[in-house]
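Protein chains in written order, with the numbering used here: chain A, 10 to 87; chain B, 62 to 219.
Worksheet: one structure, shown below.
Now the structure itself:
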C-alpha cells in the first residue's frame with residue numbers, strides 16, 4: 010500500500026485492549042492529517058481498529074497482511 | 062452538564078476476572094475519547110487498595126487479613142484453590158501476551174479514567190483514604206455515582 014506513514018506503532022505480541030490503548034495514546038500526540046501505522050498480530054485488532062476509527066471520527070485507510078502480522082493505517086482527523 | 066459521550070462502570074466485584082473486564086472496558090472507553098468513570102464499591106475496593114493492612118476493630122482487622130486488598134491479591138472467581146488458581150491464571154495470561162492487571166489499571170490512569178471509591182463500603186470495612194492508591198479522585202456516595210451515570214450513555218455493573 011502506497012501510504013506516507015508519520016508514526017509507526019509496534020503492537021506485535023500485544024492483546025486486547027493494549028493495541029487500542031497505545032493507538033489512542035499515539036494519536037493524542039500526533040497532528041491532524043498525520044498517518045499512524047499499527048503493526049499487530051492480535052486477530053481482534055482486525056475488528057477493533059476500524060471500530061475505534063468509526064467511533065472517534067478518525068479515518069481508517071486500510072490494512073495490509075504481512076507474514077505473521079497485519080499493518081493497519083489510520084489517519085488522524087483534521 | 063449533559064455529557065452523553067461518557068461511560069460509568071460500577072465495580073462491585075473483587076475477583077480478578079471481573080476486575081479485568083472492568084479495566085478492559087474502561088480502557089477501551091477512554092481510548093475512544095469517552096469520559097470514563099469507575100466507581101468501586103464493596104469487594105471492588107480491593108482493586109484500588111495499596112495492599113496495606115486495614116481495620117481498627119477486631120472484626121474489621123480480621124477481614125483486613127483474610128480479604129487483604131491490593132491489585133495483585135485478586136483471585137479468579139472460580140478455581141482459585143487458595144491462590145494456586147491465581148498463580149496459574151497469571152502465568153497463562155502472561156504466556157499469551159495479556160497485560161498484567163496492574164499495568165492495565167495504569168493504562169486506565171494514563172488515559173484519564175476517573176476512579177471513585179464508595180464511602181459506605183470503606184466505613185463498613187474500616188478502609189481509610191490513605192489505604193487507597195493516590196489516583197483515586199474522591200471518596201463518594203451513591204448520589205455522585207448516579208449523577209455521573211445519568212449523564213453517561215453507557216453504563217456497566219460488574
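Quick reminder that beta carbons are idealized off the backbone N, C-alpha and C, glycines included.
Here the structure is a predicted model, which is why all the values come from computation and not from measurement.
About 4 Å separates the beta carbon of residue 125/B from that of residue 116/B, a gap short enough to meet the 8 Å contact definition.
For residue 64/A, the C-beta contacts it makes with chain B under 9 Å involve 93, 94, 95, in order along the chain. The criterion of a C-beta distance shorter than 8 Å is satisfied by residue 45/A and residue 83/A. For residue 140/B, the secondary structure class from DSSP, reduced to helix, strand or coil, is coil. Counting every other CB atom within 10 Å of its CB across the protein chains shown gives residue 135/B a total of 16 or more, marking it as buried. With a cutoff of 8 Å on beta-carbon distance, residue 65/A and residue 121/B are scored as not near each other.
Sixteen is the threshold: when 16 or more other Cβ atoms of the shown chains lie within 10 Å of the Cβ of residue 68/B, as they do, the residue is buried. Within chain A, no C-beta atom comes nearer than 9 Å to that of residue 83/B; the closest sits roughly 12 Å away. Residue 186/B and residue 205/B have their C-alpha atoms some 21 Å from each other. A buried status is given to residue 31/A, since no fewer than 16 other beta-carbon atoms sit within 10 Å of its beta-carbon. A distance of 8 Å or more separates the beta carbons of residue 108/B and residue 174/B. Across the structure, residue 161/B and residue 149/B are spaced so that their CA atoms are roughly 13 Å apart. Counting along the chain, residue 46/A sits inside the beta strand (DSSP E) bounded by residues 44-49.
As far as DSSP is concerned, residue 77/A takes part in no beta bridge. Your pair residue 88/B and residue 165/B checks out as a contact, with CB atoms roughly 6 Å apart and the cut at 8 Å. Its Cα nearest to that of residue 195/B, the residue 110/B stands out among 118/B, 110/B, 128/B, 207/B. In the three-state reduction of the DSSP assignment, residue 109/B falls in the helix class, which pools H, G and I. Each residue's CA atom was taken as its position, placing residue 52/A and residue 38/A some 26 Å apart. Residue 172/B reaches chain A at 30, 33, counting residues in chain order whose Cβ is nearer than 7 Å. Following the DSSP letters along the chain, one finds residue 168/B inside the alpha helix (DSSP H) bounded by residues 162-171. Classified as buried, residue 85/A has 16 or more neighbouring CB atoms from the shown chains inside 10 Å of its CB.
When Cβ-Cβ separations below 8 Å define contact, residue 40/A makes no contact with chain B. Leaving aside the five residues that flank residue 22/A on each side, the residues in its chain whose CB is nearer than 8 Å to its CB run, in chain order, 50.
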